[in-house]
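Asks:
Chains as they are written, first to last, in this note's numbering: chain P, 1 to 407; chain B, 1001 to 1407.
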């Protein structure tokens, strides 16, 4: 029997409120240079400490031992979807992040403006990180001139700095393709190939990408430095079961950054727009308390500080999160999980594979008698080390959403 | 390679004695209201403490993260059978629990006396929870009048209050079927259907259920309030590999309650009847020491106290178990595992999903240097958090029953 079917069969409706609080890239490692402390351990977190005293803790493997996830697989895991079963192309994530309302069958590519020399060799993969305004101007030009290729609609949307997305909407299209990106300077833009050479839809897509380059490159030829572009993560929107159907919980997303809104949208969460700070996100949670069963609340700044290798900034981000926490706790959810989508250790200056700590609190979570929520504490917790995709099942159990299995 | 095949291939015969001591529903959670202690932590357990000092500990997931098991899946897991692969119908467990000696191919249904109105609509699914004596009287009447349907033998056995079981014994029968139970009042009794519409044995069984209703309902027509009945969990005894073959260990069951004897019988354990207390069970173990290789010793009272939410009673049950333990230790098994089949936290007043603690002791278990056997200690143990179905493999390994794998 498939485990997901079992969970579905046993699921009971609930009026309980569940909140998943994601401090992006929260997990970290203790190093000698950091006084053998992680940012979470060094931070002053009185409200997390109080919660930890009445909570269970553990560690989560985002995808598989040693695998470093991007934000896509990291969040799909947190939402309870096996990141190996449900793979989402970077193009789709970027498009969703930029607010494109995708339709089934749309193929998306993440694109970068780049600098090419006279021979077509990539000399700067980010075109000197052109200002966002330049990117918007160039995208507007491309969009005005290239609305269709054959019977396929083309949607071009500018992102930040050198980034944009291209969405192909039409019949008989599919990804994934290989990248139109040499992934380093000094090489020409490679021709894309179908990942599955026998897939006719992918082959049609290969032709479309070639045609798109042929139409678009002349429109940029006189630009400096953005006289070319690279395309990556070319794939269609995967067929993912809706969160509300899968868990019998009406979900809302409180995220500030587009990518996380996009990921939430991918599984059918309602995006609650407006809040710009964690205080405002928690305040909005309080106002929307009666309207949803599940709240995904995303906090970006831990990851940013980790990417920068800035221990102090990561510590302060955690302290800022902690300081805002009482707003949420004033209207306490029945089940609270606090974790990251992966680790972003300051010493790594990027995402990593280190299992991230998780705290789980409910009236029936029990307490692991730990005084604080930390990586070292999480090692001692009753939840042990588990795959992130099971977090939502522990949350549902704590919400008393599962009937007994067997007599 | 399937893991079970690997275990089988590597299995060596042994003269070692293995004992699995199950304190039913042992696992619990620490809550603030309980002084942040579990019953196991609050209990005075000098003999378990002494054993813990020379043992390994860990936590076990009975079925899957967040899943609360009934006694059936809980025990099948302890016996090393994947509870998702080997599912046992409610009817079979109830029949075994009432002491029916099932034969291969028997189809069992769990039944409730119920109240029907003049149109056959169920107005009370439990017939006002009639006294057990009434149930026994009605079952005796049905049993006297309905001994056979066609060439199929019918066995009817009363349970407590409104509950009884019906066993169909004959050729070419199989379950599972859908329930003859609307699962709520205000609806008529639905006609059962085969779970697999192509299965001829299930279709024969559908006819038998219809014939049974036709024969039985007139015999109850004048009763008040039990003028009807519902049937659920209609299924045959699953085909489970015998314990002795699977593990190369001759198993004996020392349980007091019928359901646990029934579950042991399901995998072919010999039931050692007679003992009524844990002292008597341990004494019988000592007497039978030479006759078996594996002893399953079941202690019910921890679960009962947990179901009642009675912290003090659960603590006392554990203390009573501990006090009797020296009887067993006087003729110490080579491998001892002490655990529960699941958690029954007092705060939950029922079975739960919380991973239960386990203690494993042998000459080669090593010690985790823990002073006591507790939930919090188990979090720190060398066995980590693992699926309960692997406990028997750890036990076999400690009995030196596995040859080396590979060179």
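Ideal placement from N, C-alpha and C gives every residue a C-beta, glycine not left out.
Distance, Cα to Cα, residue 403(P) vs residue 11(P)?
Replies: Between residue 403(P) and residue 11(P), the C-alpha separation is close to 6 angstroms.
Asks: On the DSSP letters alone, give me the boundaries of the alpha helix (DSSP H) that residue 376(P) sits inside.
Replies: Residues 375-378.
Asks: Any beta carbon from chain P within less than 8 angstroms of residue 1033(B)'s own beta carbon?
Replies: No, residue 1033(B) does not count as interfacial toward chain P.
Asks: Pairs of beta-carbons, one from the stretch 1246-1264 of chain B and one from the stretch 1221-1234 of chain B, closer than 8 angstroms: are there three or more?
Replies: The stretch 1246-1264 of chain B vs the stretch 1221-1234 of chain B: no contact.
Asks: Please state whether DSSP places residue 1063(B) in a helix, a strand or coil.
Replies: Three-state result, residue 1063(B): coil.
Asks: Would residue 337(P) and residue 359(P) qualify as a contact pair, given that the criterion is a beta-carbon distance under 8 angstroms?
Replies: Yes, the pair counts as a contact, with Cβ atoms nearer than the cut-off.
Asks: Is the beta carbon of residue 1031(B) less than 8 angstroms from the beta carbon of residue 1318(B)?
Replies: Their beta carbons are not under 8 angstroms apart, which means residue 1031(B) does not touch residue 1318(B) by this criterion.
Asks: Please name the residue in 1072(B), 1025(B), 1052(B) whose C-alpha comes closest to that of residue 405(P).
Replies: Cα-wise, what sits closest to residue 405(P) is 1072(B).
Asks: Can you find a C-beta in chain B that's less than 8 angstroms from the C-beta of residue 3(P)?
Replies: Yes, residue 3(P) lies at the interface with chain B (some Cβ there is under 8 angstroms from its Cβ).
Asks: Strictly below 9 angstroms CB to CB, what residues from chain P border residue 1353(B)?
Replies: Near residue 1353(B) (Cβ distances below 9 angstroms), the residues of chain P are 393, 394, 397, 398, 402.
Asks: Have a look at the DSSP bridge pairing and note the partners of residue 1121(B).
Replies: Per DSSP, 1188(B).
Asks: If you follow the beta strand (DSSP E) that residue 18(P) is in, where does it begin and where does it stop?
Replies: Run containing residue 18(P): 18-23, per the beta strand (DSSP E) assignment.
Asks: Output, in chain order, the set of chain B residues within a Cβ distance shorter than 7 angstroms of residue 405(P).
Replies: The answer, in chain order, is 1063, 1067, 1068, 1069, 1070, 1073.
Asks: For the alpha helix (DSSP H) containing residue 1141(B), list its first residue and its last residue.
Replies: Element bounds for residue 1141(B): 1132-1145.
Asks: Strictly under 8 angstroms for the Cβ-Cβ distance: is residue 1345(B) near chain P by that measure?
Replies: Yes, its Cβ sits closer than 8 angstroms to a Cβ of chain P.
Asks: If we count Cβ pairs, one from each stretch, closer than 8 angstroms, do we get three or more for the stretch 1022-1030 of chain B versus the stretch 1101-1115 of chain B?
Replies: Touching, no.
Asks: Rounded to whole angstroms, what's the CA-CA distance from residue 52(P) to residue 373(P)? Just pull it up for me.
Replies: Approximately 5 angstroms, taken between the alpha carbons.
Asks: Verify whether the separation of the beta carbon atoms of residue 129(P) and residue 161(P) is less than 8 angstroms.
Replies: Yes, they are a contact pair.
Asks: How would you list, in chain order, the residues of chain B whose beta-carbon sits under 9 angstroms from the beta-carbon of residue 385(P)?
Replies: Here the neighbours are 1384, 1385.
Asks: Which value, in whole angstroms, describes the spacing of the CA atoms of residue 398(P) and residue 1068(B)?
Replies: Approximately 11 angstroms between the Cα atoms of the pair.
Asks: Give the single residue among 1366(B), 1022(B), 1064(B) whose Cα lies nearest to the Cα of residue 1082(B).
Replies: Per the Cα distances, 1064(B).
Asks: Could you work out which residues of chain B lie near residue 390(P), taking near to mean beta carbons separated by less than 9 angstroms?
Replies: Here the neighbours are 1064, 1065, 1066.
Asks: Would residue 369(P) count as contacting chain B if we go by Cβ distances under 8 angstroms?
Replies: With 8 angstroms as the cut-off, residue 369(P) counts as an interface residue toward chain B.
Asks: Can we count residue 1387(B) as close to the ligand MN, meaning its CB is less than 7 angstroms from some heavy atom?
Replies: With respect to small molecules bound, the structure shown includes none, and the ligand MN cannot be examined in it.
Asks: Please tell me whether residue 364(P) has its Cβ less than 8 angstroms away from any Cβ of chain B.
Replies: By this cut-off, residue 364(P) is an interface position.
Asks: Quick one: what does DSSP say residue 110(P) is sitting in, helix, strand or coil?
Replies: Looking at residue 110(P) - three-state DSSP - the assignment turns out to be strand.
Asks: Name the DSSP beta bridge partners of residue 387(P), please?
Replies: According to DSSP, which records beta bridges pairwise, residue 387(P) is partnered with 61(P).
Asks: Who are the Cβ neighbours of residue 1164(B) in its own chain at under 7 angstroms, not counting the five residues just before and after it?
Replies: Here the set comprises 1111, 1135, 1139, 1156, 1157, 1158.
Asks: Buried or exposed: residue 1187(B), going by 16 or more other Cβ atoms within 10 Å of its Cβ?
Replies: With fewer than 16 Cβ atoms within 10 Å of its Cβ, residue 1187(B) is classed as exposed.
Asks: Can you round the beta-carbon distance between residue 268(P) and residue 244(P) to whole angstroms, since I take them to be within the 8 angstroms contact cut?
Replies: Contact flag correct, Cβ pair sits at about 6 angstroms.
Asks: Closer than 7 angstroms, Cβ to Cβ, to anything on chain B: give me those residues from the stretch 35-61 of chain P, in chain order.
Replies: Answer in chain order: 54.
Asks: For residue 206(P) and residue 307(P), I'd like the C-alpha separation in whole angstroms.
Replies: Each residue's Cα considered, the two are about 34 angstroms apart.
Asks: What does residue 6(P) touch in chain B if you count any residue whose Cβ is under 9 angstroms from its own?
Replies: Chain B residues near residue 6(P): 1063, 1064, 1067, 1084.
Asks: Give me, in chain order, the residues of the same chain whose beta-carbon lies closer than 6 angstroms to that of residue 1061(B); leave out the 5 immediate sequence neighbours on both sides.
Replies: Only 1355, 1387 meet the Cβ criterion.
Asks: Leaving out the 5 sequence neighbours to the left and right, which residues in its chain are closer than 8 angstroms to residue 302(P) when beta-carbon positions are compared?
Replies: Same-chain partners within the cutoff: 23, 24, 25, 26, 39, 314, 317, 318, 321, 340, 344.
Asks: Give the DSSP-derived three-state secondary structure of residue 231(P) in the structure shown.
Replies: Of the three classes helix, strand and coil, the one that applies to residue 231(P) here is strand, per DSSP.
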